Amino acid sequence: MKLNTHEFYKLRDFMYQRFGINLSQKQQLIEGRLGNVLEKRGFKSFSDFISHMEADHTGEDVSLVVAKLTTNFTYFYREEQHFEFLRNVALPELVPRISDGNLSIWSAGCSSGEEPYTIAMFLNDYFGGDKHGLDTRILATDISDKVLGIAGSGVYRGEHMTKMPKEWYRKYFSRIQGDEYEVVPQIKKEVIYRKFNLMEPEFRFKKKFHIVFCRNVMIYFDEPTRRKLARKFYDAILPGGYLFIGLSETLIRSEAGFEYVQPSIYRKKGRGNY
Ligand SMILES: C[S@@+](CC[C@H](N)C(=O)[O-])C[C@H]1O[C@@H](n2cnc3c(N)ncnc32)[C@H](O)[C@@H]1O
Numbered sequence: 026m027k028l029n030t031h032e033f034y035k036l037r038d039f040m041y042q043r044f045g046i047n048l049s050q051k052q053q054l055i056e057g058r059l060g061n062v063l064e065k066r067g068f069k070s071f072s073d074f075i076s077h078m079e080a081d082h083t084g085e086d087v088s089l090v091v092a093k094l095t096t097n098f099t100y101f102y103r104e105e106q107h108f109e110f111l112r113n114v115a116l117p118e119l120v121p122r123i124s125d126g127n128l129s130i131w132s133a134g135c136s137s138g139e140e141p142y143t144i145a146m147f148l149n150d151y152f153g154g155d156k157h158g159l160d161t162r163i164l165a166t167d168i169s170d171k172v173l174g175i176a177g178s179g180v181y182r183g184e185h186m187t188k189m190p191k192e193w194y195r196k197y198f199s200r201i202q203g204d205e206y207e208v209v210p211q212i213k214k215e216v217i218y219r220k221f222n223l224m225e226p227e228f229r230f231k232k233k234f235h236i237v238f239c240r241n242v243m244i245y246f247d248e249p250t251r252r253k254l255a256r257k258f259y260d261a262i263l264p265g266g267y268l269f270i271g272l273s274e275t276l277i278r279s280e281a282g283f284e285y286v287q288p289s290i291y292r293k294k295g296r297g298n299y
């Protein structure tokens, strides 16, 4: 199926305005990745699909575009420096200052769940089973229904698990069959999945977060979008709290107001008691 220039501009503008996803250089990618799928679904042209998508309130069409044009690539224990930092610096610093019994962590752009489950497993190792009486449930959000479905099921293939500590196979998974493993209920209940678009003009959460992970998500966004997003994260994080981004990403610190700690780790100024 061919994508003409007018259709390309329409789709590009829609994706940018709704999701901050910058597809300006991606005309061929869109035609290649989306064309066949749309044909199979019975659309006659890209225009036909775009009209359908504009009228669609279920979010299904949009979800399809996001799934085809962005990568959901992720795996357990990705960027382990972040977990070292949590163990050695962030948690020893933050936890003693918590008085309301909540350690609040958000995995923003969680894809199929490997990241938030890794955090939950890591916390279980760090605190031990009773978590010192803390509620450490993790909020995990993504825009794509497809990946959230996988995350909720908690079923993974071994290829997503090769980087994690070996004992985790036994501790946190049960083998279903062959190369398929399911996250144990004790860890599943530690993660709350929600559909959430990071392009929402404001983040209205009941509580602010001690730690936000938004790793390998901003790669799709252009600089003004990244800057706005960093500002919203800043407002959503408690004083002294942390933002972790992907190791290959950077933030323009002065704009965002964060203190730079080390590559891909930023801290909100201040030192709160929570
Ligand atoms: C490459 S995955 C990163 C997964 C995980 N954070 C990691 O580092 O392994 C990027 C995820 O960002 C999500 N995403 C892209 N744009 C988004 C938006 N506007 N709002 C919420 N999630 C978005 C995609 O659906 C995808 O699942």
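The numbering of the sequence shown is this note's numbering, which starts it at 26 and goes up by one. Glycine included, C-beta positions come from ideal geometry on N, C-alpha and C. Here the structure is a predicted model, which is why all the values come from computation and not from measurement.
For residue j and residue i, believed in contact at Cβ under 8 Å, the rounded distance
i: Gly179; j: Glu207; result: 5 Å
i: Phe147; j: Phe108; result: 5 Å
i: Lys231; j: Tyr259; result: About 18 Å separates the two Cβ atoms, so there is no contact after all.
i: Ser49; j: Arg37; result: 6 Å
i: Lys214; j: Asp170; result: About 21 Å; that fails the 8 Å criterion.
Closest Cα partner of residue i within the set the options
i: Arg296; options: Asp86, Tyr181 and Tyr267; result: Tyr267
i: Asn222; options: Phe101, Met243 and Phe152; result: Met243
i: Val172; options: Glu139, Arg195 and Met146; result: Glu139
i: Tyr142; options: Gly153, Tyr102 and Phe110; result: Tyr102
i: Val216; options: Lys51, Phe39, Ser137 and Ala80; result: Ser137
i: Val120; options: Ser199, Ser49, Leu263 and Ala80; result: Leu263
i: Gly134; options: Phe228, Gln50 and Asn97; result: Asn97
i: Glu184; options: Ser124, Arg200, Phe228 and Tyr100; result: Tyr100
i: Ala261; options: Gln53, Phe283 and Val114; result: Phe283
i: Asn298; options: Glu118, Pro226 and Arg182; result: Glu118
i: Glu248; options: Asn47, Tyr285, Phe39 and Thr30; result: Asn47
i: Gly158; options: Glu274, Met189 and Ile123; result: Ile123
i: Ala80; options: Ile55, Gln106, Ser199 and Phe39; result: Phe39
i: Pro226; options: Thr250, Phe152, Ala115 and Asn241; result: Thr250
i: Lys188; options: Ala115, Gln106 and Gln287; result: Gln106
i: Leu116; options: Gln287, Ser76, Gly265 and Ser199; result: Gly265
i: His77; options: Glu274, Lys35, Lys214 and Ile201; result: Lys35
i: Val286; options: Pro210, Val114 and Glu56; result: Val114
i: Arg112; options: Pro288, Asn29, Glu64 and Phe152; result: Phe152
Contact under 7 Å by Cβ, residue i with residue j
i: Tyr218; j: Ala165; result: yes
i: Ile12; j: Cys239; result: Residue coverage of the chain in this structure runs from 26 to 299, which leaves residue 12 outside it and unanswerable.
i: Leu59; j: Lys27; result: no
i: Ile175; j: Ile163; result: no
i: Gly126; j: Asp160; result: yes
i: Tyr194; j: Ile212; result: no
i: Phe74; j: Ile290; result: no
i: Glu104; j: Leu272; result: yes
i: Phe33; j: Gln52; result: yes
i: Ile168; j: Val91; result: yes
i: Asp155; j: Arg182; result: no
i: Lys191; j: Phe228; result: no
Three CB pairs or more closer than 8 Å across the segment 122-137 and the segment 235-246: Verdict: yes, contact present.
Every unbroken beta strand (DSSP E) within the segment 180-259, with a cutoff of 3 residues, ordered by chain: Here the runs fully enclosed are 180-182, 198-202, 205-208, 216-220 and 234-239.
Looking at C-beta atoms only, is the number of pairs between the segment 81-97 and the segment 38-49 that lie closer than 8 Å three or more? These segments touch.
Secondary structure, alpha helix (DSSP H): runs of 4+ residues fully inside the segment 116-150: List check, alpha helix (DSSP H) in window: 116-119.
My parser needs the alpha helix (DSSP H) runs of 4 or more residues fully inside the segment 39-112; what are they? Within the segment 39-112, the complete alpha helix (DSSP H) runs of at least 4 residues are 52-65, 71-80, 85-94 and 106-110.
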